[in-house]
């Protein structure tokens with residue numbers, strides 16, 4: 574990983590912190606992007622304290638990637654770094670567990686903008702810099718729900734379906750370039766962002782829940798390998814394939830769970 578200079582958005586979230594720790598300890602230079610200056614400073618200090626012998630660097634930028642002017646300023650600052658960023662990880666994102674009819678217009682707009690539009694716009698802005706590298710990667714952090722529509726996550730699923738489509742299409746568009754585009758799809762992951770209703774739902778459905786560290790290890794593998802997609806977990810991998818070929822079978826399985834899903838989705842909206 575010593576030749577990788579990685580820009581990571583959403584660095585201070587649960588998964589983002591796990592990404593930061595593993596990537597830094599593996600030798601990568603990190604450009605950590607987030608909206609909370611104090612949390613970024615704390616994360617940087619933690620990384621340096623835990624890895625006193627390393628020679629790689631950590632740079633932080635307080636940026637709201639939803640804001641065009643802040644994105645443009647970030648891109649301009651990257652050109653001034655002593656190393657060239659050759660890996661972009663679009664990790665910043667939000668989720669919401671709520672029945673669609675109960676979601677507000679701003680809920681829907683925030684989810685789609687944060688999870689889909691902002692990563693697309695940041696990627697577009699960084700393409701000129703990435704094309705100057707010998708080899709570069711763009712890795713979009715999606716979800717199993719980017720391949721399987723799951724009740725209670727309608728807007729979130731829509732945003733991740735779109736991100737997966739963006740990844741696939743851009744990968745083909747850049748196939749004759751130095752840039753590889755990849756997509757990582759975690760399943761349910763244990764982070765502080767999970768509401769109590771989500772945790773209760775996962776428990777009652779007996780859903781497997783990964784640690785953020787497990788997701789980070791999958792990311793590291795994806796960076797190092799030539800494959801362009803990686804789905805985490807079984808039977809989720811199987812469900813994704815079945816949903817592509819025989820979606821009615823997956824629908825039948827999920828519909829059986831609908832009363833439980835709605836019980837917790839309704840309680841989360843109270």
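In the numbering used here, the protein residues as written are 574 to 843. Even glycine gets a Cβ: it sits at the ideal position worked out from N, Cα and C. No experiment lies behind these values; they were computed from the predicted model shown.
Between residue 834 and residue 792, the beta carbon gap of about 29 Å keeps them out of contact (Cβ cut-off 8 Å). By the criterion of at least three beta-carbon pairs nearer than 8 Å, the region 777 to 795 is not in contact with the region 742 to 752.
Listed in chain order, the alpha helix (DSSP H) elements of length 4 or more contained wholly in the region 602 to 685 are 610 to 623, 641 to 651, 678 to 685. Counting C-beta atoms within 10 angstroms of its own C-beta, residue 708 has fewer than 16 neighbours from the protein chains shown and is therefore classed as exposed. Residue state for residue 786 is assigned as helix, using DSSP reduced to three classes.
A contact is defined here as three or more CB-CB pairs under 8 Å, and the region 593 to 609 meets this definition with respect to the region 780 to 790.
Nearest in C-alpha terms to residue 667, of all of 782, 777, 803, 589, is 589.
Inclusion of residue 661 and residue 703 in the CB contact set at 8 Å is warranted, their separation being smaller than that value.
Annotation for residue 714: 664, 757 place their beta carbon closer than 6 Å to its own, counting only its chain and skipping 5 residues before and after. The residues 601, 660, in chain order, have a CB closer than 6 Å to that of residue 577 in the same chain once the five nearest residues on each side in sequence are set aside. Put simply, of 826, 821, 819, 781 the residue whose alpha carbon is nearest the alpha carbon of residue 806 is 781. For the pair residue 769 and residue 779, the Cα-to-Cα distance works out to about 15 Å.
If you ignore the 5 residues before and after residue 831, its C-beta comes within less than 7 Å of the C-beta of 724, all in its own chain and listed in chain order. The criterion of a C-beta distance shorter than 8 Å is not satisfied by residue 669 and residue 761.
In this structure residue 628 is exposed. Its beta-carbon is surrounded by fewer than 16 other beta-carbon atoms within 10 angstroms. In this chain, residue 733 is not harboured by any beta strand (DSSP E); it is covered by the alpha helix (DSSP H) spanning 727 to 746. With a threshold of 16 other beta carbon atoms within 10 Å, residue 828 falls short and is exposed.
If you look at residue 579, you'll find it in the beta strand (DSSP E) that goes 578 to 582. Between residue 653 and residue 635 a beta carbon distance of about 16 Å is seen, past the 8 Å cut, so the two are scored as non-contacting.
Scanning its chain for C-beta atoms nearer than 7 Å, with the 5 sequence neighbours on each side dropped, one finds around residue 812 the residues 721, 823, in chain order. By the neighbour-count definition (other C-beta atoms within 10 Å, threshold 16), residue 609 is an exposed residue. Scanning 672, 701, 684, 616 for the CA closest to the CA of residue 651 turns up 701.
In the structure shown, residue 766 adopts coil according to DSSP, grouped into three states.
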